[in-house]
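Trainee:
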Amino acid sequence: MALGGEPKAQKLSNRGGANQAHMEANSGTAFPHFLDLISLYQISEWLEPDHDNNASVFQEALTRVEGLTLSHDALILSQSNLALTIYRRLRLLSVNISNDVLVRIVRLGNHGLDAALRLAEDHSPWWHVANLPFQFICILLAIDTRESLSHIGPALCSFRAITRLYNTLRKPWTSLLGWEGPKTCLYLKTLTLTGMNF
611 MALGGEPKAQ KLSNRGGANQ AHMEANSGTA FPHFLDLISL YQISEWLEPD
661 HDNNASVFQE ALTRVEGLTL SHDALILSQS NLALTIYRRL RLLSVNISND
711 VLVRIVRLGN HGLDAALRLA EDHSPWWHVA NLPFQFICIL LAIDTRESLS
761 HIGPALCSFR AITRLYNTLR KPWTSLLGWE GPKTCLYLKT LTLTGMNF
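Those letters in the sequence shown? Residues 611 to 808, per my numbering, in order.
#1: DSSP three-state label for asparagine 691, please.
#2: Does the beta-carbon of proline 743 have 16 or more other beta-carbons within 10 angstroms, so that it is buried, or is it exposed?
#3: Apart from the five residues on each side of it in sequence, which residues of its chain come closer than 6 Å, Cβ to Cβ, to glutamate 731?
#4: Looking at leucine 687 and leucine 729, is the spacing between their C-beta atoms short of 9 Å?
#5: On the CB-based measure, 16 or more other CB atoms within 10 Å of its CB, does arginine 774 come out buried or exposed?
#6: Evaluate the contact criterion for the segment 712-726 versus the segment 739-757: three or more CB pairs, one atom per stretch, below 8 Å.
#7: Buried or exposed: where does proline 782 fall if 16 or more other Cβ atoms within 10 Å of its Cβ makes it buried?
#8: Assuming contact is defined by CB atoms lying nearer than 9 Å, are glutamate 676 and arginine 714 in contact in what I supplied?
#9: Could you tell me the alpha carbon to alpha carbon distance between aspartate 662 and cysteine 767, rounded to whole angstroms?
#10: Quick check on the DSSP output: the alpha helix (DSSP H) that includes serine 681 runs from which residue to which?
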């Protein structure tokens, strides 16, 4: 029992409720996207190695990611990154991933691609803006279906547009994603279309 006769657990619970109410009260002022960011973080915790890593957990995480309605492009990038991470975890489990899950992964990847292009056009900080298109292209190649490969062309066009907007060709330290990234994706696409394993 805590001082005053209130159980410690109940006291902590009340404090947590007060903190939650405080966050909700301020979420539309100083931190308009704070609760969305917390939601993304909470879902990302499901992907930690010490959690119960089975297909149903990852599919439930995907459902939660998909259910978020986000208004800021940086958050949409994080949403897409989470979806791509969930796909990679499912692949590591060597499970048969349903076509429905693949369609949802591709849809969220495309949302992230659109957000990345908008952020690039606004000249927003660029790291994940270039990273997500590259990762999405790699996953489209890994899925390796007629549907997924049909998205490679538009994704590469967006990737090239982003590198042009950030003018990364003049910055040697960004050459991997700025120049070598699209070249590598084209090479991998060629290997996939010719039936080679990599």
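All C-beta atoms in this analysis are idealised placements derived from N, C-alpha and C, irrespective of residue type, glycine included.
Mentor: If we stick to the structure as given:
#1: In this structure, asparagine 691 counts as helix in the three-state DSSP scheme.
#2: Burial is judged here by how many other beta carbons sit within 10 angstroms of a residue's own beta carbon; proline 743 has at least 16 and is buried.
#3: The answer is none, since no qualifying residue turns up.
#4: Yes. Within cutoff.
#5: Answer is exposed; the Cβ neighbour count stays below 16.
#6: Segments in contact, yes.
#7: Low confidence applies to proline 782: its pLDDT is 45, below 50, so where it sits in the model is not reliable enough to give any reading.
#8: Their beta carbons are under 9 Å apart, which means glutamate 676 touches arginine 714 by this criterion.
#9: Pairing aspartate 662 with cysteine 767, the inter-Cα distance amounts to about 38 Å.
#10: Boundaries cannot be given for serine 681, as no alpha helix (DSSP H) includes it and DSSP labels it neither H nor E.
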